[in-house]
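Residue numbers (our numbering): 206 to 683.
So, in structure tokens, the structure goes:
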């Protein structure tokens with residue numbers, strides 16, 4: 206009988222010790238470990254939101270192309286004739302080419318061939334037609350800045366703004382991925398802990414039942430053992446539900462090259478890589494803040510918006526100038542130019558010139574536009590100042606949480622070690638008849654709670670690390 210009791214106690218001690226130590230890792234060929242960085246690579250390569258963010262750059266390129274279209278040469282051709290009551294009133298054919306230049310003027314060329322008794326006299330041309338070539342120059346408004354150049358210079362900043370928007374979207378996406386991944390890891394460990402605890406409780410229940418049958422323990426102890434086993438089965442069921450839901454959230458981020466959703470392999474498990482304590486020195490924090498103040502997407506976008514408004518201000522200031530336009534065209538019969546057309550005597554006698562001038566008397570619209578643009582610039586300056594302060598405070602806040610979690614992790618690891626010592630000591634006392642099954646369950650429950658709390662803190666620590674780099678504006682540096 207003594208030998209049998211020794212065997213039962215040894216088996217019980219062995220099982221009890223199993224929950225006190227971390228489980229042995231499964232064989233590498235039986236599981237498929239998915240690391241955080243491997244998940245990041247998959248998300249960046251195929252996630253629809255990442256692909257959508259990449260489209261922003263293409264949109265910006267097309268916006269720039271549209272703006273540059275304002276400098277496209279324009280060819281125009283018109284033909285018309287009128288016949289009425291067997292009379293020919295007129296026939297005209299007018300062709301022109303306008304080539305805008307970046308610095309303001311436009312090159313002009315054209316060919317006209319008009320005839321008919323009822324044609325406006327100024328429209329008459331030689332029988333071979335009349336060709337012309339010249340230039341239109343704005344001497345006031347439009348010489349240094351005009352609407353076309355304004356649109357192009359503003360559009361040239363759009364690719365950088367699109368990159369800032371893309372980075373912001375990707376940062377948010379990766380932050381969500383990180384949170385879901387570390388939740389998955391936490392619930393994975395929770396399931397493992399409760400599964401080990403349930404196996405232990407079931408072995409203990411069989412041992413207690415056998416001892417009660419032998420008359421070594423009271424029958425009430427079997428109720429205590431079964432109750433604890435049932436309690437752990439309930440906890441395991443709830444943990445499995447949370448684990449399966451967390452796994453589904455991770456699968457939401459998995460897509461293939463054909464934009465089709467993927468699922469995790471049945472044997473896929475998360476990796477604890479990244480949950481270990483990784484102290485960040487105050488010097489590293491200051492470097493991170495300094496980079497955030499320059500490279501954070503919100504700061505970059507506000508800076509680019511300020512540059513766009515400066516271009517708009519220059520255009521509004523140019524609108525205060527009077528419109529003074531001069532146009533000169535060299536005329537020649539027929540379509541083809543000859544060398545004689547470029548000699549001074551010919552140019553003095555065969556030309557068409559025009560000068561136009563206009564100026565609003567009060568310039569209220571122009572002055573209002575200029576002042577409105579300056580107000581927008583001040584608004585952007587205020588937004589930028591606030592954003593810089595907000596980013597710095599956000600990074601510092603998350604860093605403080607990081608430090609607190611580092612301390613809590615160290616304390617919790619000590620609590621787990623102490624709870625393990627107490628639990629093992631209670632088992633020894635139980636073997637010598639100085640303890641009870643109730644006390645062993647209590648010690649064991651405390652150890653379970655301590656281990657789960659430790660895994661929870663490690664998950665929070667990893668999330669905080671992701672949150673820190675997100676606050677700094679670049680999750681891909683994590």
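Beta carbons: idealized from backbone N, C-alpha and C, even for Gly.
For residue 242, count the other beta carbons within 10 Å of its own beta carbon; 16 or more makes it buried, fewer makes it exposed. Which is it? exposed
Checking 8 Å against the spacing of the C-beta atoms, do residue 386 and residue 660 come in under that value? no
For the alpha helix (DSSP H) containing residue 283, name the first residue and the last one. Taken as a continuous stretch (DSSP letters only), residue 283 belongs to no alpha helix (DSSP H), being part of the beta strand (DSSP E) at 279–289.
Taking the alpha-carbon of residue 559 as reference, which of 332, 578, 539 and 531 has the nearest alpha-carbon? 531
Is residue 669 helix, strand or coil when you go by DSSP? helix
Which of helix, strand or coil DSSP assigns to residue 460: strand
DSSP beta-bridge partners of residue 317: 299 and 335
Cutting at 6 Å between CB atoms, please list the residues of its own chain near residue 305, excluding the five before and the five after it. 276 and 311
Whole-number beta carbon distance between residue 501 and residue 678, since they are thought to touch under 8 Å: 3 Å
Determine the contact status of residue 399 and residue 444, defining contact as a CB-CB distance below 8 Å. yes
Consider the Cβ of residue 407: report whether some Cβ of chain D lies at a distance smaller than 8 Å. Included in the structure is just one protein chain, with no chain D present.
First and last residue of the alpha helix (DSSP H) that includes residue 470? Premise fails: residue 470 is in no alpha helix (DSSP H) and is neither H nor E.
Span of the alpha helix (DSSP H) holding residue 520? 502–523
Throw me the rounded Cβ distance for the residue 664 and residue 388 pair, which I believe falls under 8 Å. 7 Å
So, for residue 482: in the same chain, excluding its five sequence neighbours on each side, which residues have a beta-carbon less than 8 Å away from its beta-carbon? 611, 614, 615 and 666
In the DSSP assignment, the beta strand (DSSP E) including residue 639 goes from what residue to what residue? Unbroken run through residue 639: none, as it is neither H nor E.
Once the 5 residues before and after residue 529 are set aside, which same chain residues still bring their CB inside 6 Å of it? 344, 345 and 562
Alpha-carbon to alpha-carbon, residue 307 and residue 564: 24 Å
Sub-8 Å separation of residue 467 and residue 461 beta-carbons: yes
Tell me which residues share the same chain as residue 648 and place their Cβ nearer than 7 Å to its Cβ, disregarding the 5 neighbours each side in the sequence. 627, 628 and 631
Taking all protein chains shown into account, do 16 or more other C-beta atoms lie within 10 angstroms of the C-beta of residue 271, making it buried, or fewer, making it exposed? exposed
Considering only residues of the same chain and omitting the five flanking positions on each side of residue 281, which have a CB-CB separation below 6 Å? 301
Please report the distance separating the alpha-carbon of residue 330 from that of residue 257. 58 Å
Counting beta carbon pairs with one atom in the region 353–370 and one in the region 434–441, are three or more of them shorter than 8 Å? no
Range covered by the alpha helix (DSSP H) that runs through residue 414: 363–418
Classify residue 466 as helix, strand or coil using the three-state DSSP reduction. strand
Measure the Cβ-Cβ separation of residue 484 and residue 239 and say whether it is below 8 Å. no
Collapsed DSSP secondary structure at residue 530 in the structure displayed: strand
How would you label residue 228, buried or exposed, when you count the other beta carbons within 10 angstroms and need 16 or more for buried? At residue 228 the pLDDT is 39, less than 50, meaning the model places this residue with poor confidence and gives no usable figure here.
Please confirm if the region 347–367 is in contact with the region 487–496, defined as three or more CB-CB distances below 8 Å between the two stretches. no
Since residue 254 is in the alpha helix (DSSP H), which residue starts that stretch and which ends it? 253–273
Measuring CB to CB, does residue 413 end up less than 8 Å from residue 430? yes
Nearest residue (CA-CA) to residue 553, options 537, 541 and 496: 537
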